[in-house]
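Comments concern the structure below.
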Amino acid sequence: VNMDLNTIIEQMKTGEQDTALTALQGYNKEMNQCFTFNREEKQDRECLGELVLGFLKRKLQPSCQLACLETVRILSRDKDCLDPFISHSAMSTLARYACIVSLLSVVAADLQLIKGVAERLKQCHHSTCNHEVHFFDLRLTFLLTALRIDIRAQLAQALHGISLLGNQLEAILGLCWPDTLETARAGLDDVPPEKLPPLSRQQTELAVEILKILFNITFDTNRHNVDEEEAAGYRHLAAILRHCLISHTDSEERTEEFHCHTVNLLGNLPLPCLDVLLMPKVQQASIEYMGLNMDAVNKLLEFMEKRLDRGHKLKDTLLPSLNLLTESARIHRETRKFLRSKVLPPLRDVKIRPEVGSTLRNKLVRLMTHIDTDVKDCAAEFLYVLCKESVSRFIKYTGYGNAAGLLAARGLLRGGRDSGIYSEDEDSETEEYREAKDHINPITGVVEEEQPNPMEGMTEEQKEYEAMKLVNMFDKLSRTNVIQPMQLTMDGKMREMSPKDLHKMTHNPLFQSEDPANSGGEDEA
């Protein structure tokens, strides 16, 4: 009630600790479970916040100190009323009470905060640390690293944040190391991943905060060039993240959130370090391929397909996992071969378009014509890498029409192959595909019924007349900017066609012969 708040403010203004204590204890008791606030009282709440901070700068009785801090906790729930708490003076006061700033003496107040938090994290052991204090230390660290690039760099480099937070994550998950870069749950070494007990809610909350902080401080990592010491640290972290991928929590929703942050972080790690995902020995229940344990890669694939099926905000939800799978397949031969066996198995039914159906290949090919350019490009890139960046193989699995966007962007519309480090094994073809191969329409990627020749029975003069009609239509649409005719050049790239080019089309053998294969020069589209 507004009158009550005004009364509390007046009592706080007396400056008397006992009076303030009584007023704040009553307010805290009434508002303890309040999470929504009356906008009309915004100014009064800000005034109360400033008065409380004024008290906290003084030497107080423990009971009055506690009441003031409880009031700050309640008032800070209102996101529209944070002004009293975000000044340097206020942050310094609150940090002192949080026992952060006093741990180290630093000249720069902003950087002092992260040093204090990092020092306390070092001293915190999961089994003995208060969960709420640990959680808010991590949440504060996440916010600082999200908002400040200099703090992000300081934690990553000067404070050895990757090692510090990796050790924290390892302790929270209760991991042991039965072999080099191979993790297990302590005391459960022989339990297969699918039978491990779920992580508790508290474990998951802490682990997610650590994953988010690690994402912030590795965001600018050079994914191709790291020195030997850095690579060792990243590989150690990758082994822990592998365990995160194969673990589950006490609810499906929290498991998905946990895996989402794990995937996001894996996407920041240097590419050569991702081979750690394949290192664990093959167990009885493991998914084995080429003698390697593919459990983690399979989990990534399942996670990606689940996000794809949901179809919600694909750019934000799908691309991290799809990009990670693409880069893993590009750099690790065994990963690529395993993913190809799952996504692009040998073709059998060549009468159904590549984009029609419910297989993962069908779903990804549909994405290749998605309205969002980033989603479209990412799906095409993944399939292209699984095809070893071979144009003919890419067209075989997706159809020329679906593949045209990526091929045009790379200047490969006339065929060829991108430079890439791939083995030269032959593409396996099923008997069904070999039999139908000569009858497949490369544009659609399927066998279609033979269509009648629309020029059959026409004289040469009639054919030329129809060709001129077509050229004139192109010319008219081009001049009114309805379309922009394009021409495929000899180097496989597209260029705009001029009116002069359109006029030349009338003399192109394409319009004067029933056999398009006899035409030469550049192709028009």
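Position one of the sequence shown corresponds to residue 1 (full-length UniProt numbering), numbered consecutively onward.
Every residue, glycine too, gets a C-beta built ideally from N, C-alpha and C.
Use the C-beta contact count for residue i: other C-beta atoms within 10 angstroms, 16 or more gives buried, fewer gives exposed.
i: Ser-102; result: Low per-residue confidence applies at Ser-102: pLDDT is 46, beneath 50, and the placement is therefore not dependable, though the value from the model is reported in the following sentence. Exposed, because fewer than 16 other Cβ atoms sit within 10 Å of the Cβ of Ser-102.
i: Leu-104; result: Unreliable placement is indicated for Leu-104, whose pLDDT of 37 sits below 50; no coordinate value is reported for it.
i: Tyr-384; result: buried
i: residue 562; result: Here the chain comprises residues numbered 1 to 525, so residue 562 is not present and cannot be evaluated.
i: Asp-515; result: With a pLDDT of 40 at Asp-515, under the threshold of 50, the modelled position of that residue is not reliable, and no figure is offered here.
i: His-131; result: exposed
i: Pro-280; result: buried
i: Thr-172; result: Here residue 172 turns out to be Ile, not Thr, going by the sequence shown. Classification for Ile-172: buried.
i: Val-107; result: Summary for Val-107: the model assigns pLDDT 36, below 50, so the residue's position carries little reliability, and this model does not support an answer.
i: Thr-459; result: exposed
i: residue 531; result: Nothing can be reported for residue 531, as the shown portion of the chain is limited to 1 through 525.
i: Val-1; result: At Val-1, the pLDDT of 42 sits below 50, so the modelled position is not reliable and the matter cannot be decided from this model.
i: Arg-45; result: buried
i: Gln-168; result: buried
i: Pro-499; result: exposed
i: Phe-142; result: buried
i: Ile-395; result: buried
i: residue 527; result: Here the chain has residues from 1 to 525 only, and residue 527 is not among them.
Figure out for me which residue from the options has the closest Cα to the Cα of residue i.
i: Gln-17; options: Lys-59, Glu-46 and Asn-32; result: Lys-59
i: Ile-162; options: Leu-269, Tyr-27 and Ala-90; result: Leu-269
i: Asn-323; options: Asp-275, Asn-264, Ser-286 and Pro-345; result: Asn-264
i: Phe-85; options: Val-106, Leu-56, Pro-62 and Gln-65; result: Leu-56
i: Ile-246; options: Ala-296, Lys-500 and Glu-288; result: Ala-296
i: Ile-151; options: Val-117, Arg-495, Leu-237 and Leu-278; result: Val-117
i: Arg-77; options: Val-471, Leu-69 and Phe-37; result: Phe-37
i: Leu-300; options: Val-350, His-243 and Leu-181; result: His-243
i: Met-304; options: Leu-364, Ser-358, His-332 and Leu-292; result: Leu-364
i: Leu-51; options: Thr-71, Ala-186 and Met-468; result: Thr-71
i: Gly-174; options: Leu-196, Leu-159, His-160 and Gln-157; result: Leu-196
i: Lys-79; options: Phe-35, Asp-190, Glu-170 and Thr-145; result: Phe-35
i: Glu-302; options: Asp-316, Thr-359, Leu-48 and Asp-190; result: Thr-359
For residue i and chain B, any beta-carbon pair shorter than 8 Å?
i: Pro-198; result: Among the chains of the structure shown, chain B does not appear; only one protein chain is present.
Kindly list the residues whose CB is nearer than 8 Å to the CB of residue i, restricted to its own chain and excluding five residues on each side of it in sequence; keep chain order.
i: Met-290; result: Glu-334, Lys-337 and Phe-338
i: Lys-493; result: Ala-408, Gly-411 and Leu-413
i: Met-3; result: With a pLDDT of 48 at Met-3, under the threshold of 50, the modelled position of that residue is not reliable, and no figure is offered here.
i: Ala-90; result: Leu-53 and Pro-84
i: Leu-344; result: Arg-361, Leu-383, Leu-386, Cys-387 and Tyr-397
i: Gly-166; result: Leu-214, Gly-233, His-236, Leu-237 and Ile-240
i: Thr-326; result: Cys-378, Glu-381, Phe-382 and Val-385
On the DSSP bridge list, what partners appear for residue i?
i: Ala-184; result: Cys-176
i: Glu-288; result: Asn-293
i: Met-486; result: Glu-496
Below 7 Å CB to CB, which residues in the same chain sit around residue i once its five sequence neighbours on both sides are set aside?
i: residue 534; result: A question about residue 534 goes unanswered here, because the residues of the chain that appear run from 1 up to 525.
i: Leu-138; result: Leu-206, Glu-209, Ile-210 and Ile-213
i: residue 528; result: This structure gives no information on residue 528, because the portion of the chain shown stretches from 1 to 525.
i: Gln-283; result: Pro-192
i: Asn-7; result: The identity of residue 7 in the sequence shown is Thr, whereas the question assumes Asn. The answer is none, since no qualifying residue turns up.
i: Thr-249; result: Pro-198, Leu-199, Thr-204, Thr-255 and Phe-258
i: Phe-135; result: Glu-205, Leu-206 and Glu-209
i: Asn-293; result: Leu-278, Pro-280, Lys-281, Val-282 and Ser-286
I think residue i touches residue j, with their Cβ atoms under 8 Å apart; what is that distance to the nearest whole Å?
i: Pro-354; j: Arg-361; result: 7 Å
i: Ala-231; j: Cys-273; result: 6 Å
i: Arg-235; j: Leu-181; result: 6 Å
i: Lys-42; j: Cys-81; result: 6 Å
i: Thr-262; j: Leu-241; result: 5 Å
i: Leu-319; j: Cys-378; result: 5 Å
Give a single yes or no on whether residue i has its beta carbon closer than 7 Å to a heavy atom of the ligand NAD.
i: Thr-180; result: Of the ligands one can find in the structure shown there are none, so the ligand NAD has no counterpart to examine.
What does a CB cutoff of less than 6 Å around residue i pick up in its chain, not counting 5 residues either side in sequence?
i: Ala-23; result: Ile-8 and Gln-11
i: Glu-229; result: none
i: Glu-288; result: Val-282
i: Cys-68; result: Val-52, Phe-55 and Leu-56
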